[in-house]
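Chains as they are written, first to last, in the working numbering: chain A, 160 to 634; chain B, 395 to 778. From the three backbone atoms N, C-alpha and C, an ideal C-beta is built for every residue, glycine too. Only one structure is covered here, and it is reproduced in the block below.
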Amino acid sequence: MTVQDVLVLIGLSLFLGWVTRKGQRQNLLLLASSLVFYWMQPSLPLRYLSFWLPTATLLLVILSWVCTSSYQQRWERETIQTAGFVTLIILLVGLTRYVGLGNLFTALYPPRLHRVMIVLVFTLGMIGILSRKETFSNAALWGLFSFFLLLFVILKTPYFAQLASRMWRSVVDQAPALASAEDIKWLGFSYLAFRILHTIRDRIKDRLPVSSLKEYLIYILFFPAISAGPIDRIDHFLRELPEGQSPFKKDIILGGRRLIIGLFKKFVVADTLSMIALGPEKVSQIQSTGGAWILLYAFTLQIFFDFSGYTDMAIGLARFMNISLPENFNKPYRRQNLTQFWNNWHMTLTKWIRSYFFYPLTRALRSKGAFSVFGVLLITQISTMVLIGIWHGVSMGFVIWGLWHGIGLLVQNRWSTFFKNRLSKYELPSMLDPFLSGMGTFLTFHYVALGWVWFVTPHLSQGWEVMKWLLGVVS
Amino acid sequence: MATGGGLMMSDVKVWRLLLKTMILFAVFNFILTPLLMDEVEKVSIYNKFIPGRLRLPFGEDPDRSYNLSLFSLDASFASHVVSDPGGPSDAYRVFVFGDSSLWGTLLRPEETLVGQLNALDLETENGSPIRFFNLGYPTLSLTKDLMLLEKGLEYEPDLIVWLVTLESFPRHKQYTSPIVSHNYRAVRELILEYDLDLDPDHEDFIKPGYWDSTLIGQRRNLADIFRLQVYGIMWGITRIDQYYPDSYEPAQRDLDPDPSFYQWEEGEMETNDLAYSTLEKADQVAGGVPILIVNEPILISRGANSDIRYNFYYPIWAYDQYRSDMQKLSIQLDWNYVDLWDLVPEEEFTNSAIHLTPRGETILAERVSEAIMSLLVSSPSVEE
């Protein structure tokens with residue numbers, strides 16, 4: 160995202176913050192979020208895909224709502240109106256091709272309108288047929304869940320992404336031989352999928368709050384949180400959606416302050432650090448241990464300021480519209496152990512994974528009674544962290560990064576238990592506290608920093624090369 | 395009412411906040427920046443926290459070269475090792491000026507002419523180590539060289555070596571180098587002070603107005619200076635200051651049958667069409683610091699139409715005329731001049747008719763070092 164993009168979003172959020180206090184709040188938020196989804200979708204080398212991906216996003220969100228809502232809700236007047244409204248938005252964007260505004264909402268010209276209409280009629284027709292179903296079984300919902308997971312795997316696995324690109328190229332008469340794994344960049348799909356999966360899972364567990372199609376669409380597509388989260392929960396978001404009592408002036412000040420912090424973190428600190436941060440292209444250029452550590456420290460700080468800067472901006476923009484998004488970072492690098500680090504780094508993702516993977520898996524393993532406490536911890540910690548790694552992309556580097564943290568959490572857990580049992584008999588002088596906490600922070604920070612080596616380097620040999628430089632064992 | 399952020403809402407007056415912000419910005423924009431910019435340009439982490447660069451900053455691909463082109467002479471020199479106050483105090487300092495062939499396109503710092511001269515560990519007759527500094531800059535303009543030479547004098551050279559080639563001489567090329575056109579004040583002063591036969595208000599100059607001295611006007615310059623410092627860290631870590639492609643397009647050997655040199659056909663190019671006068675004023679600008687002028691090697695092609703042209707740049711008649719004029723001027727004005735135009739064999743050129751391979755630079759370094767040593771011996775006053 161560029162500064163210009165952020166400025167446009169600031170203007171839009173302020174406008175919405177002002178105008179939605181006068182009414183039409185949900186309609187305007189839905190319209191803005193949908194159009195921003197088109198506008199922010201990057202230009203792609205695959206013909207018309209920069210139009211079809213946001214369109215697919217809208218249609219998939221409608222589909223997932225249909226599958227998670229009640230029969231009665233589906234045929235309410237408001238639902239039909241919302242579906243019509245979304246169809247109109249898609250057609251409006253498609254029509255820009257014919258009025259010389261083809262790049263207004265999309266990076267490249269949309270396809271011809273008759274194609275858009277054929278796809279819409281077919282897709283909405285199918286969704287309509289599905290809507291006639293009284294209720295969806297858990298098996299069907301798990302099928303939908305698996306479908307989103309499959310999409311996720313395709314997008315995050317270079318081999319499948321390239322294959323998908325090749326197939327798309329064949330369909331639109333582009334050279335399949337030029338297909339690349341980088342061809343398909345689906346704006347915000349990771350976050351979108353997490354939100355949708357959360358609602359499907361909660362629906363299976365019968366704890367999904369009731370939401371209208373409009374509310375559901377706004378929750379999934381809410382534009383400040385498109386590109387970098389946070390991953391809000393639907394129940395929290397629905398509480399925020401109705402206009403609160405907070406005066407606009409207060410929202411401007413609170414949101415503005417958060418936004419300025421975010422802009423500074425992202426565009427000043429992170430972008431400066433990116434110039435000297437460790438990256439795959441820099442690995443072969445390292446000439447000293449000191450140099451390697453500087454590159455690593457720069458990356459360690461860059462990724463934090465970049466990511467938390469985006470979160471601050473998202474929270475600030477949402478605040479303008481009188482919506483509180485959840486926090487995502489809480490001084491993670493100042494934590495004294497790895498568990499605390501993960502409780503304060505990308506908090507909404509870790510909460511999600513904990514709720515929908517770690518706890519269910521732990522319960523399942525314990526209920527079987529086939530594993531010792533250590534065995535359960537070993538499996539759950541490592542598989543959870545590997546899953547978080549793979550969420551960033553299916554590559555060996557991310558797997559190793561996940562393993563690194565999984566093993567770290569396991570060791571830290573065992574270490575804490577071991578010492579807590581023994582040290583509880585003794586009273587340590589309080590003067591040691593600052594030293595111990597400082598030591599904990601130092602070790603945690605460096606363990607996390609060393610983990611980033613695997614995150615940054617796509618090839619294991621590169622990661623190992625950097626490790627050798629860092630440890631001063633390069634001959 | 396206390397807010398979540400601990401801010402007392404009743405205490406915040408938006409208009410007051412905006413007013414204070416505007417006043418603060420106005421002070422920075424209209425007063426502090428114009429007053430302090432000259433000093434800011436000299437602030438550098440080079441030679442203090444990180445090693446100075448071995449050549450002047452230049453680069454069009456900063457993310458890969460950890461280097462960038464900027465227009466501030468102060469910032470450029472402050473980042474160069476020439477401004478390092480350390481080093482042996484008795485060193486004999488030789489500043490070498492020239493174009494991209496001297497700067498070292500495609501060459502690592504140690505492979506350039508200056509790198510190879512330093513590797514020779516030369517000493518003066520009284521045993522002082524001779525230290526060479528690469529002050530070349532990759533654009534072709536004598537005025538650019540003279541501007542850098544004048545700036546370089548602040549760093550106390552004992553001897554100046556200036557590598558030139560005909561392509562730097564045409565009058566219309568004197569102002570087009572971006573570093574020249576963006577340093578209007580410095581070049582204008584140079585032209586007026588030394589009465590150079592150049593237009594001090596040429597249309598190619600980017601003439602700064604008042605707004606250009608404000609914070610808004612200086613934002614690009616400030617950003618460049620800041621980025622130069624940050625990329626300096628990468629320079630310190632990697633010793634990389636340019637992007638080295640895996641392969642490059644070799645300099646053209648088969649040439650077009652075109653006998654013209656810019657707008658001139660044979661017999662049309664007057665002495666006055668070339669900026670010899672700029673070269674003539676160099677002694678005056680150097681203020682007593684001796685200058686050795688070197689006509690740098692060029693590629694002499696043996697390919698198609700090599701009976702018409704020596705290379706992509708030069709038709710034979712124009713280059714021969716230039717060499718003859720330089721020879722005459724050097725005798726007439728008593729220059730220390732060496733003509734090494736045909737020193738380097740054709741195969742030792744890389745992507746241009748003036749860019750040398752490391753081996754080509756070695757050949758050149760041997761001859762230039764001989765010329766320097768003979769100059770030091772023949773003119774004892776030079777060494778003093």
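Per DSSP, what kind of secondary structure is Ala396 of chain B in: helix, strand or coil? On the second sequence, residue 396 of chain B is found 2 positions in, with the first residue counted as 1. A caution first: Ala396 of chain B carries a pLDDT of 39, below 50, which makes its placement in the model too unreliable to give a value.
Cutoff 8 Å: Met628 of chain B Cβ touching any chain A Cβ: As a position in the second sequence, residue 628 of chain B is number 234, starting the count at 1. Yes, Met628 of chain B counts as interfacial toward chain A.
Own chain residues within Cβ distance below 8 Å of Ile444 of chain B, not counting five before or after: Here the question's residue 444 of chain B lines up with position 50 in the second sequence. Cβ neighbours of Ile444 of chain B beyond the five flanking positions: Gly626, Ile627, Trp629, Gly630.
Check this for me: beta carbons of Ser172 of chain A and Phe479 of chain A, under 8 Å apart or not? Numbered from its first residue, the first sequence carries residue 172 of chain A at position 13. Numbered from its first residue, the first sequence carries residue 479 of chain A at position 320. Cβ atoms of Ser172 of chain A and Phe479 of chain A: closer than 8 Å.
Mapping DSSP to helix, strand and coil, what is Tyr257 of chain A? Locating residue 257 of chain A in the first sequence gives position 98, where the first residue counts as 1. Of the three classes helix, strand and coil, the one that applies to Tyr257 of chain A here is helix, per DSSP.
Residues of its chain near Pro485 of chain A, where Cβ-Cβ distance is below 6 Å and the 5 sequence neighbours each way are ignored: For the purposes of this step, residue 485 of chain A is taken as residue 326 along the first sequence, with counting starting at 1. Closer than 6 Å at the Cβ level, and outside the excluded window around Pro485 of chain A, lie Pro389, Asp391, Thr507.
Buried or exposed: Lys425 of chain A, going by 16 or more other Cβ atoms within 10 Å of its Cβ? For the purposes of this step, residue 425 of chain A is identified with residue 266 of the first sequence, where counting begins at 1. Burial call: buried.
In three-state terms, what does DSSP make of Val331 of chain A? The residue you call residue 331 of chain A lines up with position 172 of the first sequence. Three-state result, Val331 of chain A: coil.
So Arg633 of chain B contacts chain A; which residues on that side make the cut at Cβ distance below 8 Å? As a working note, residue 633 of chain B is residue 239 in the second sequence. Those are Gln446, listed as they occur along chain A.
Do we get a CB-CB distance below 8 Å when we pair Val574 of chain B with the residues of chain A? The residue labelled residue 574 of chain B in the question sits at position 180 within the second sequence. Chain A, which has no Cβ nearer than 8 Å to the Cβ of Val574 of chain B, makes this no.
If I measure Cβ to Cβ from Ser596 of chain A and keep anything under 7 Å in the same chain, skipping five residues before and after, which residues do I get? Sequence index remark: in the first sequence, residue 596 of chain A carries index 437 (1-based). Correct list, in chain order: Gln495.
Between Gly446 of chain B and Ser483 of chain B, is the Cβ-Cβ spacing less than 8 Å? Here residue 446 of chain B corresponds to residue number 52 of the second sequence, with the count starting at 1. Here residue 483 of chain B corresponds to residue number 89 of the second sequence, with the count starting at 1. Contact flag unset, no.
Contact check, Ile687 of chain B vs Trp556 of chain B under 8 Å by CB: the rounded distance? Along the second sequence, read from residue 1 onward, the residue named residue 687 of chain B stands at position 293. Along the second sequence, read from residue 1 onward, the residue named residue 556 of chain B stands at position 162. About 5 Å; that satisfies the 8 Å criterion.
In chain A, which residues lie with their C-beta within 9 Å of the C-beta of Thr408 of chain B? In the second sequence, the residue the question calls residue 408 of chain B occupies position 14. The sequence shown places Val at residue 408 of chain B, not Thr. Those are Lys408, Ile411, Ile412, listed as they occur along chain A.
Is the separation between the beta-carbon of Arg613 of chain B and that of Pro551 of chain B shorter than 8 Å? To locate residue 613 of chain B, count along the second sequence from 1; it is residue 219. To locate residue 551 of chain B, count along the second sequence from 1; it is residue 157. Contact: no.
Using CA atoms only, rank isn't needed, just tell me which of B:Tyr588, B:His566, B:Asp595 is closest to Asn577 of chain B. Taking the first residue of the second sequence as position 1, residue 577 of chain B is located at position 183. Comparing Cα positions, the closest option is B:Asp595.
Status (buried if at least 16 other CB within 10 Å, exposed otherwise) for Gln678 of chain B: In the second sequence, the residue the question calls residue 678 of chain B occupies position 284. So Gln678 of chain B counts as exposed.
My understanding is that Glu505 of chain B touches Leu534 of chain B, with C-beta atoms under 8 Å, so please give their C-beta distance in whole angstroms. Taking the first residue of the second sequence as 1, we reach residue 505 of chain B at position 111. Taking the first residue of the second sequence as 1, we reach residue 534 of chain B at position 140. Between Glu505 of chain B and Leu534 of chain B the beta-carbon gap is near 21 Å, outside 8 Å, which marks them as no contact.
Could you give the distance in angstroms between the alpha-carbon of Ala340 of chain A and the alpha-carbon of Tyr350 of chain A? Position 181 of the first sequence, counting from 1, holds the residue named residue 340 of chain A. Position 191 of the first sequence, counting from 1, holds the residue named residue 350 of chain A. Computed Cα separation, rounded: 20 Å.
Contact list for Leu454 of chain A against chain B, beta-carbon separation under 8 Å: Within the first sequence, the letter at position 295 stands for residue 454 of chain A. Taking a Cβ-Cβ threshold of 8 Å, the residues of chain B close to Leu454 of chain A are Ile631, in chain order.
Of the residues A:Pro593, A:Leu308, A:Trp452, A:Val427, which one's Cα is nearest the Cα of Ile549 of chain A? Locating residue 549 of chain A in the first sequence gives position 390, where the first residue counts as 1. The shortest Cα separation from Ile549 of chain A among A:Pro593, A:Leu308, A:Trp452, A:Val427 belongs to A:Leu308.
To be precise: take each residue of the segment 424 to 440 of chain A, compare its Cβ to all Cβ atoms of chain B, and keep it if any distance is under 8 Å. Which residues remain? Within the segment 424 to 440 of chain A, the residues whose Cβ lies closer than 8 Å to any Cβ of chain B are, in chain order, Thr431, Met434, Ile435, Glu440.
Does any residue of chain A have a CB that is nearer than 8 Å to the CB of Tyr704 of chain B? Against the second sequence, residue 704 of chain B aligns to sequence position 310. It does not; no Cβ of chain A falls within 8 Å.
Please look up how many angstroms separate the CB atoms of Glu660 of chain B and Pro653 of chain B, rounded, as I've assumed it's under 8 Å. Along the second sequence, one-based indexing puts residue 660 of chain B at 266. Along the second sequence, one-based indexing puts residue 653 of chain B at 259. 6 Å between Cβ atoms; contact.
Val563 of chain B versus Leu536 of chain B: straight-line alpha-carbon distance, rounded: Looking up residue 563 of chain B in the second sequence gives position 169. Looking up residue 536 of chain B in the second sequence gives position 142. The sequence shown places Phe at residue 563 of chain B, rather than the Val named in the question. Their backbone Cα atoms lie some 6 Å apart in a straight line.
Strictly under 8 Å for the Cβ-Cβ distance: is Glu624 of chain B near chain A by that measure? Here residue 624 of chain B corresponds to residue number 230 of the second sequence, with the count starting at 1. Just to set this straight, residue 624 of chain B is Val in the shown sequence, not Glu. True, the Cβ-Cβ gap to chain A drops below 8 Å.
Which value, in whole angstroms, describes the spacing of the CA atoms of Arg502 of chain B and Val683 of chain B? To locate residue 502 of chain B, count along the second sequence from 1; it is residue 108. To locate residue 683 of chain B, count along the second sequence from 1; it is residue 289. As the crow flies, the alpha-carbon of Arg502 of chain B is around 29 Å from that of Val683 of chain B.
What residues of chain B sit near Gly450 of chain A, judged by a beta carbon separation below 8 Å? Reading the first sequence from its first residue, position 291 is the one you call residue 450 of chain A. Near Gly450 of chain A (Cβ distances below 8 Å), the residues of chain B are Gly630, Ile631, Thr632.
If we call anything under 8 Å between Cβ atoms a contact, is Leu454 of chain A one with Ile435 of chain A? Taking the first sequence and counting its residues from 1, one reaches residue 454 of chain A at position 295. Taking the first sequence and counting its residues from 1, one reaches residue 435 of chain A at position 276. In this structure, Ile435 of chain A lies closer than 8 Å to Leu454 of chain A by Cβ.
For Trp658 of chain B, which beta-bridge partners are listed by DSSP? Reading the second sequence from its first residue, position 264 is the one you call residue 658 of chain B. Note: Trp658 of chain B sits in a beta bridge opposite B:Phe655.
Alpha carbon of Leu750 of chain B to alpha carbon of Arg565 of chain B, nearest angstrom: As a position in the second sequence, residue 750 of chain B is number 356, starting the count at 1. As a position in the second sequence, residue 565 of chain B is number 171, starting the count at 1. Their Cα atoms are separated by approximately 26 Å.
Between Thr397 of chain B and chain A, is any beta-carbon pair separated by less than 8 Å? One-based indexing of the second sequence puts residue 397 of chain B at position 3. A caution first: Thr397 of chain B carries a pLDDT of 42, below 50, which makes its placement in the model too unreliable to give a value.
Among A:Gly567, A:Gly347, A:Tyr585, A:Val625, nearest to Phe604 of chain A - alpha-carbon criterion: Numbered from 1 along the first sequence, position 445 holds the residue referred to as residue 604 of chain A. Looking at the Cα atoms, A:Gly567 is the closest of the given residues.
Could you compute how far the alpha carbon of Leu586 of chain B sits from the alpha carbon of Asn730 of chain B? Here the question's residue 586 of chain B lines up with position 192 in the second sequence. Here the question's residue 730 of chain B lines up with position 336 in the second sequence. Taking the straight line from one Cα to the other gives about 26 Å.
Could you check what DSSP says for Arg494 of chain A in three-state terms: helix, strand or coil? Numbered from its first residue, the first sequence carries residue 494 of chain A at position 335. Three-state result, Arg494 of chain A: coil.
When you compare only the Cα positions, how much space is there between Leu208 of chain A and Val245 of chain A? By one-based count along the first sequence, residue 208 of chain A stands at place 49. By one-based count along the first sequence, residue 245 of chain A stands at place 86. Rounded to the nearest angstrom, the two C-alpha atoms are 19 Å apart.
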